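Chains as they are written, first to last, in this note's numbering: chain A, 7 to 265; chain P, 28 to 306. Ideal Cβ positions, reconstructed from N, Cα and C, are used throughout, including at glycine. This structure is a prediction, so every number in the text was calculated from the model and none was measured. What follows is a short report on a single structure.
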Ligand SMILES: Nc1ncnc2c1ncn2[C@@H]1O[C@H](COP(=O)(O)OP(=O)(O)OP(=O)(O)O)[C@@H](O)[C@H]1O
Ligand SMILES: [Mg+2]
């Protein structure tokens, strides 16, 4: 299990066309990054409402935040400590100046990032990676005319995703082999750990190259060639997709109209 | 029909010849076993049969098409399916069904047709229930069955298997071989490279490769009859034949051209009854 992994379901959001979901996620990301307090509040309410609509529990969404908590803390404190402005009274004796502006910026930026994580997680938790890739490919297809190789990009992304679990297994296997010969991981002084990690990298790299060689041959044998191909699943826009697009358009209008 | 004429191949210009002049014909619907010691060029040879490699000299024809012709090769690939040794390195899809759809997708077939072929092919190898699963959680045997389904989805007339059972446990091996036998019965040509003589004991024809040449060729009984010669070439014979040969060496009059358990049982039991009568 890794963060943002697909959670099977049949919710309203699960059933939307991946293109619509990708487009919506991009639109919401831009709004989040550009918005002021009003837009952020509104987006927060919208995303929180979206969680049950996606058939996700608060716990599942909370887990998506676990790996980024340290980053959030860092983000908050950097803004808190390095923003110029009006100092908050009790702090000068500690030789650090904490300002009202810093507090606000820290809180606001962390809030923004929380929204981004929530937004991205809803997308990846309700969309199979194959559908994501499929959607990206269709969205990029019009750009073929200006030389964007949409089929190849989609192929590359999907193969990379397909081999993530294989790599994790492989690292495990190499680790076990090293441990069997007396190596230790995740303990000891830092430089020992780095050295140990390096000893994993080389065999992993070698195996990956070997695997890539094999894979190319196997793909060629199955009539792979660069250029147009078709997919098992045909994407189609239906009325829930139009409804979703209308909602997103509404949010964008709201953001624009607010001074 | 696959026709090979004076095939010579070297990986690097001026390097060693790996295939040193092979000529043979593989007729439609045949089951051909290819054996030989490690490094004798089996993989190199069979990769010519679907145009993955093109001859340095000589020619390979598949159903009348020349594998060195870059246009024809696009038609040859779906006709000649290939299953490889390592199950992990030939699966490209994120789900079983997506993987099986890879081949037909490359042929740019319409989605409805792809869906039909995916379903049919998975049913043929008995993996239809796993269609939505992620391939990495399957066993090696199941992965290999998915790989076969992926080939079947292109509706091939010939299938080449390059040591497909190497990484499988005995029961998975049985399952894969069972599927291969069924495909053969349905009229698909099978070219089966293997190190395990038992797997090809029932083949129509066996080709023994040695240092890039055909050292022996014939029916299993013709080939496995030459035990000493095979030992010189560095390959064994099926276990059953080995037992019968050992019996013969002890002075018993048994046939040694038997490769199935049932027949061997019959032969041995008839031997025992005849000996009992004798006493
Ligand atoms: N890509 C390559 N480049 C150069 N030499 C190669 C390449 N692939 C194989 N060879 C060499 O060609 C020879 C035959 O290899 P090949 O893989 O065809 O043998 P094989 O009969 O399939 O062996 P095995 O039973 O181990 O699979 C070997 O000596 C090998 O080193
Ligand atoms: Mg080989």
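Along the segment 158-176 of chain A, going in chain order, the ones with a CB nearer than 8 Å to a CB of chain P are 164, 165, 167, 168, 171, 172 and 175. Partner residues in the beta bridge of residue 86 of chain P, as assigned by DSSP, are P:32.
Note on geometry: alpha-carbon atoms of residue 54 of chain A and residue 178 of chain P lie some 46 Å from one another.
Within the segment 82-149 of chain P, the complete alpha helix (DSSP H) segments of 4 residues or longer fall at 99-106 and 123-133, listed in chain order. Inter-residue distance for residue 280 of chain P and residue 304 of chain P is about 15 Å (C-alpha atoms, whole angstroms).
Two segments are said to touch when three or more pairs of C-beta atoms, one from each, lie closer than 8 Å; by this definition the segment 259-279 of chain P does not touch the segment 95-112 of chain P. As summarised for the segment 42-83 of chain A, there are no continuous beta strand (DSSP E) elements at least 3 residues long confined to that stretch.
Rounded to whole angstroms, the separation of the alpha carbons of residue 237 of chain A and residue 154 of chain P is 20 Å.
The straight-line gap separating the alpha-carbon atoms of residue 200 of chain A and residue 208 of chain A is approximately 13 Å. DSSP places residue 188 of chain P in the strand class (E or B) of the three-state scheme. When DSSP states are grouped into helix, strand and coil, residue 17 of chain A belongs to the coil group. At least 9 Å separates the CB of residue 122 of chain A from every CB of chain P.
The C-beta distance from residue 24 of chain A to residue 133 of chain A rounds to 5 Å, short enough to meet the 8 Å contact threshold.
With fewer than 16 other beta carbons inside 10 angstroms of its own, residue 175 of chain A counts as exposed. In terms of beta-carbon proximity, residue 166 of chain P stays away from the interface with chain A, with every pair separated by 9 Å or more. With fewer than 16 other CB atoms across the displayed protein chains lying within 10 angstroms of its CB, residue 215 of chain A is exposed. For residue 109 of chain P, the chain A residues whose C-beta falls within less than 9 Å of its own C-beta are 223, 224, 227 and 228, listed in chain order. The C-beta of residue 235 of chain A comes closer than 9 Å to at least one C-beta of chain P.
The residues 114, 115, 118 and 162, in chain order, have a CB closer than 8 Å to that of residue 170 of chain P in the same chain once the five nearest residues on each side in sequence are set aside.
Against chain A, a Cβ distance below 8 Å from residue 128 of chain P picks out 237 and 238. Taken in chain order, the complete alpha helix (DSSP H) segments of 4 or more residues contained in the segment 188-242 of chain P are 197-212.
Between ligand 2 and the CB of residue 219 of chain A, the shortest heavy atom gap is not smaller than 8 Å.
Contact note: residue 115 of chain P reaches chain A through 172, using a C-beta cutoff of 7 Å and chain order. Shortest gap from the CB of residue 223 of chain P to any heavy atom of ligand 2: 8 Å or more. Non-local C-beta neighbours of residue 78 of chain A in its own chain, meaning closer than 6 Å and more than five positions away in sequence, comprise 116, ordered along the chain. Linking residue 20 of chain A to residue 126 of chain A through their CA atoms gives a straight-line distance of about 14 Å.
Taking 8 Å as the cut-off, the C-beta of residue 207 of chain A does not count as close to any heavy atom of ligand 1. Contact between the segment 69-79 of chain P and the segment 261-274 of chain P is absent: fewer than 3 CB-CB pairs across the two stretches fall below 8 Å. A buried status is given to residue 137 of chain A, since no fewer than 16 other beta-carbon atoms sit within 10 Å of its beta-carbon.
Closest in alpha carbon position to residue 129 of chain A, among A:224, A:177, A:59 and A:74, is A:59. Taking a cut-off of 8 Å for Cβ pairs, the segment 32-48 of chain P and the segment 83-92 of chain P touch, as three or more such pairs fall below it. The alpha-carbon separation between residue 200 of chain P and residue 236 of chain P amounts to approximately 23 Å. For residue 286 of chain P, the closest alpha carbon among the candidates P:238, P:230, P:297 and P:234 is that of P:230. Residues of the segment 245-272 of chain P with a C-beta atom less than 8 Å from some C-beta of chain A do not occur.
Here residue 189 of chain P is buried: its Cβ has 16 or more other Cβ atoms, across all protein chains shown, within 10 Å. Beyond the five residues adjoining it in sequence on each side, residue 264 of chain A comes within less than 6 Å, by CB distance, of 44 in the same chain, given in chain order.
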